[in-house]
Amino acid sequence: MRVARFIGSRFWLLAILLISWQILAQARILDPLFFPPPSKVVEALWAMLRSGELGRQSAATLARTGISLMAGVIGGGLISVLLSVSARLRAAVQPLVTALYATPRLTMLPMVMLIFGVNEISRAALVALSVALVMIIQISDAVRGVSRDYVDLAANYGASRAVIVRKVYLPACLPQLFTALRLCTGRALVTTISIEMLSSNDGIGSMIWMSWQTFATEKLYASVTIAALLGLLSNPVFHLIERRLVPWAGGRA
Amino acid sequence: MRLKCSQVSVTFPSSDTPVTALRNLSFCNSDGEFLSFVGPSGCGKTTLLRLLAGLLAPCGGSIERIPGPFDRNSSVLLVSQEHNLFPWMTACANVAFGLEMQGVPRAEREAGAAELLARLGCAGKERAYPFQLSMGMKQRVAVARCFLSDPAVMLMDEPFAALDFQTRMVLQQELLDLWEQDRKSVVFVTHDVEEAILLSDRILVLSEGPGTVVAEYEVPVPRPRRAPIEIDGELWDLKQRILASLSLEAGIARFACTR
Chain A
274 MRVARFIGSR FWLLAILLIS WQILAQARIL DPLFFPPPSK VVEALWAMLR SGELGRQSAA
334 TLARTGISLM AGVIGGGLIS VLLSVSARLR AAVQPLVTAL YATPRLTMLP MVMLIFGVNE
394 ISRAALVALS VALVMIIQIS DAVRGVSRDY VDLAANYGAS RAVIVRKVYL PACLPQLFTA
454 LRLCTGRALV TTISIEMLSS NDGIGSMIWM SWQTFATEKL YASVTIAALL GLLSNPVFHL
514 IERRLVPWAG GRA
Chain B
3 MRLKCSQVSV TFPSSDTPVT ALRNLSFCNS DGEFLSFVGP SGCGKTTLLR LLAGLLAPCG
63 GSIERIPGPF DRNSSVLLVS QEHNLFPWMT ACANVAFGLE MQGVPRAERE AGAAELLARL
123 GCAGKERAYP FQLSMGMKQR VAVARCFLSD PAVMLMDEPF AALDFQTRMV LQQELLDLWE
183 QDRKSVVFVT HDVEEAILLS DRILVLSEGP GTVVAEYEVP VPRPRRAPIE IDGELWDLKQ
243 RILASLSLEA GIARFACTR
């Protein structure tokens with residue numbers, strides 16, 4: 274009952290849109306060549322699932338996303354720690370990060386390919402870079418946001434610098450770290466699929482581009498739906514982990 | 003422990019005009035004395051406590067820590083007005099934090115913390131996080147942490163200022179009870195003259211910023227004390243004299259500003 278109400282409260286608008294779309298397409302008010310009715314899209318999805326194409330392409334995208342996400346989170350995390358420690362390094366790196374962050378990620382793909390070649394390493398490197406930038410910005414922000422009062426409080430009780438890092442900075446930054454991970458996952462998925470559209474023989478992005486090139490509109494809609502679903506599903510996973518690991522943040526807005 | 007301030011000055015650099023928070027402030031408390039500072043807002047009370055806690059260095063003058071015969075350690079701990087609990091620790095872990103820093107094993111420090119919390123009427127709140135506690139509970143936890151760490155001097159920065167009248171009265175009594183058992187040196191800061199009279203042995207009046215000591219009063223009330231105390235007769239005179247030195251100070255400052 275609660276589940277039903279939850280789904281009802283979240284998806285009523287989507288349901289109305291889909292049903293109207295179905296009716297309009299069937300009545301030929303919408304051109305089914307451009308706007309195939311949802312039932313046809315579902316059929317296409319089912320066919321792709323049965324042929325194994327869906328699984329193969331999703332797996333390719335997820336593997337790319339996962340590996341580059343990990344590399345970017347770890348790399349970006351380590352860089353953020355260094356930046357938090359050294360003010361001199363921070364001053365020098367900050368403009369670089371800001372500039373890179375403001376540059377559309379895909380414009381850097383040709384340059385990355387010049388360096389690493391047209392291969393998986395280039396694709397992973399670009400995704401990892403864009404994840405690392407989000408990490409650096411979020412974590413630096415979190416560290417700067419740690420209240421001086423808590424640092425003073427620990428120092429007053431005789432805590433050493435190492436203890437202050439472990440007992441104050443780390444827990445104080447934890448909620449924003451989870452936000453960062455959530456943003457990074459979304460960013461990694463978006464960047465991976467975009468790169469696949471430009472330069473890849475497999476993955477969801479490539480599937481979308483191929484469907485467009487061959488004007489297979491049902492498959493096109495089906496692929497975009499899968500891309501949307503992957504993004505949608507990554508969010509609640511992090512929310513669950515966060516609620517477990519940061520129970521004290523319940524009072525935060 | 004005694005804290006001896008001699009001619010202490012603090013100036014904060016600022017972009018346009020540097021702000022002098024304290025100027026030539028001198029005082030010395032005695033062992034086991036409950037000493038209060040009262041002063042108008044902006045008289046540098048918080049700055050004074052941060053200095054005494056060692057979180058800030060004076061720009062001029064000196065602060066000496068003179069150990070007393072019964073001190074078990076040399077720590078000077080501050081209970082501040084707000085942001086004084088770690089949001090990521092339970093009430094129990096917050097109270098036990100001082101002992102944790104002293105290297106006391108977990109079981110022992112948590113037992114001590116739970117016992118003290120129970121005495122302060124917070125039984126059952128050990129596992130609660132600060133966001134689940136009321137203001138009064140939070141201040142109890144902060145005071146409990148300070149007491150459990152057994153410092154040589156306790157510094158308190160308007161710990162009850164944000165509380166409603168009834169809660170404040172209850173907490174004042176709890177503080178009196180705790181303190182009168184095992185008299186430690188306390189330096190208490192407040193803007194509430196009656197609170198200062200209720201709690202203290204001696205009251206120093208600070209001038210409006212830059213702060214310095216302008217008057218000193220003994221509080222002739224025997225201990226143990228019960229809150230609320232009747233402010234009449236001798237105490238009413240005392241309160242009027244303190245208020246007079248406060249408003250005289252404020253008046254002088256305003257006069258100086260308008261000139």
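From first to last, the protein sequence lines are chains A and B. In case it helps, the working numbering puts the first sequence at residues 274 to 526. In case it helps, the working numbering puts the second sequence at residues 3 to 261. Ideal Cβ placement from N, Cα and C applies to all residues, glycine included.
(request) Please state if the CB of S82 (chain B) and the CB of D159 (chain B) are separated by a distance shorter than 8 Å. (result) yes
(request) Identify every residue that forms a DSSP beta bridge with L80 (chain B). (result) B:L157
(message) If we define contact as Cβ-Cβ less than 8 Å, is W181 (chain B) a contact residue for chain A?
(response) no
(request) Note down, in chain order, every chain A residue with its Cβ under 9 Å from the Cβ of G100 (chain B). (result) Y430 and G431
(request) Could you list which residues in chain B have their beta carbon closer than 9 Å to that of D422 (chain A), in chain order? (result) S82, E84, H85 and N86
(request) From the DSSP output, in three-state form, read off K6 (chain B) for me. (result) strand
(request) At 7 Å on the CB atoms, spell out the chain A contacts of A55 (chain B), in chain order. (result) N429
(message) Could you tell me the alpha carbon to alpha carbon distance between A400 (chain A) and V276 (chain A), rounded to whole angstroms?
(response) The sequence shown places Val at residue 400 (chain A), not Ala. Their backbone Cα atoms lie some 36 Å apart in a straight line.
(request) Kindly say whether P89 (chain B), judged by its beta-carbon, lies nearer than 8 Å to any beta-carbon of chain A. (result) yes
(request) Can you pull the chain B residues whose beta carbon is under 9 Å from the beta carbon of A445 (chain A), in chain order? (result) F88, P89 and W90
(message) Between L79 (chain B) and chain A, is any beta-carbon pair separated by less than 8 Å?
(response) yes
(message) For a contact defined as C-beta to C-beta under 8 Å, what are the partners of Y219 (chain B) on chain A?
(response) Within 8 Å Cβ-Cβ: nothing; Y219 (chain B) doesn't reach chain A, min ~29 Å.
(request) Only counting runs of 4 or more residues, tell me where the alpha helix (DSSP H) segments fall wholly within the region 169-208 of chain B, in order along the chain. (result) 195-201
(request) Quick one: give me the first and last residue of the alpha helix (DSSP H) that Y423 (chain A) is part of. (result) R421 to N429
(message) Buried or exposed, going by whether 16 or more other CB atoms sit within 10 Å of the CB of S353 (chain A)?
(response) buried
(message) So, under 8 Å CB-CB, A461 (chain A) and V441 (chain A) are touching, yes? Tell me the CB distance rounded to an integer number of Å.
(response) Actually they are not in contact, since the Cβ atoms of A461 (chain A) and V441 (chain A) sit about 30 Å apart, beyond 8 Å.
(message) Let's test the definition: count the other Cβ atoms within 10 Å of the Cβ of Q168 (chain B) and tell me whether it reaches 16, buried, or not, exposed.
(response) exposed
(message) Along the region 118-142 of chain B, where does the CB come closer than 9 Å to a CB of chain A? Name the residues.
(response) Y131, P132, F133 and Q134
(message) Ignoring anything shorter than 3 residues, give me the beta strand (DSSP E) runs that lie fully in the region 210-253 of chain B, in order along the chain.
(response) 215-220
(message) Using a Cβ-Cβ cutoff of less than 7 Å, which residues in the same chain neighbour V370 (chain A) once the five nearest sequence positions on both sides are dropped?
(response) L406, I409 and I410
(request) Write down the C-beta distance between M480 (chain A) and Q299 (chain A) rounded to the nearest angstrom, noting that I regard them as a contact closer than 8 Å. (result) Actually they are not in contact, since the Cβ atoms of M480 (chain A) and Q299 (chain A) sit about 26 Å apart, beyond 8 Å.
(request) Have a look at B:A229, B:V221, B:R74 and B:R228 and flag the residue whose alpha-carbon is nearest the alpha-carbon of G297 (chain B). (result) The shown model of chain B, from 3 to 261, leaves out residue 297 (chain B), and the question about it has no answer.
(message) Based on DSSP bridge pairs, tell me the residues matched to L24 (chain B).
(response) B:V12 and B:G213
(message) Residues of chain B with CB closer than 7 Å to the CB of D425 (chain A), please, in chain order.
(response) L57
(message) Please classify R361 (chain A) as buried or exposed, where buried requires at least 16 neighbouring CB atoms within 10 angstroms.
(response) exposed
(message) So that I know if they touch, is there some Cβ in chain B lying closer than 8 Å to that of L518 (chain A)?
(response) no
(request) Say whether chain D places a C-beta atom closer than 8 Å to the C-beta of S11 (chain B). (result) Given the protein chain composition of this structure (A and B), no chain D is represented.
(message) For D33 (chain B) and K6 (chain B), I'd like the C-alpha separation in whole angstroms.
(response) 11 Å
(request) Compare the C-beta of M3 (chain B) against all C-beta atoms of chain A and say whether one is closer than 8 Å. (result) no
(request) Could you tell me which residues DSSP pairs with E66 (chain B) in its beta bridges? (result) B:K6
(request) Name the two residues that bound the continuous beta strand (DSSP E) containing V441 (chain A). (result) Where V441 (chain A) is concerned, there is no enclosing beta strand (DSSP E), given that its DSSP letter is neither H nor E.
(request) Assess, as a yes-or-no matter, whether the region 502-519 of chain A is touched by the region 452-460 of chain A under the definition of 3 or more beta carbon pairs within less than 8 Å. (result) yes
(request) Kindly provide the ranges of any alpha helix (DSSP H) runs that are 4 or more residues long and lie completely inside the region 116-150 of chain B, ordered along the chain. (result) 137-150
(message) Between which residues of its own chain and L208 (chain B) is the CB-CB distance below 6 Å, once the five residues before and five after are set aside?
(response) F39, G41 and C45
(request) Starting from M103 (chain B), find everything on chain A with Cβ-Cβ shorter than 7 Å and list it in chain order. (result) Y430, G431 and A432
(request) Report, in whole angstroms, the separation of the C-beta atoms of P309 (chain A) and Y494 (chain A), which I expect to be a contact under 8 Å. (result) 6 Å
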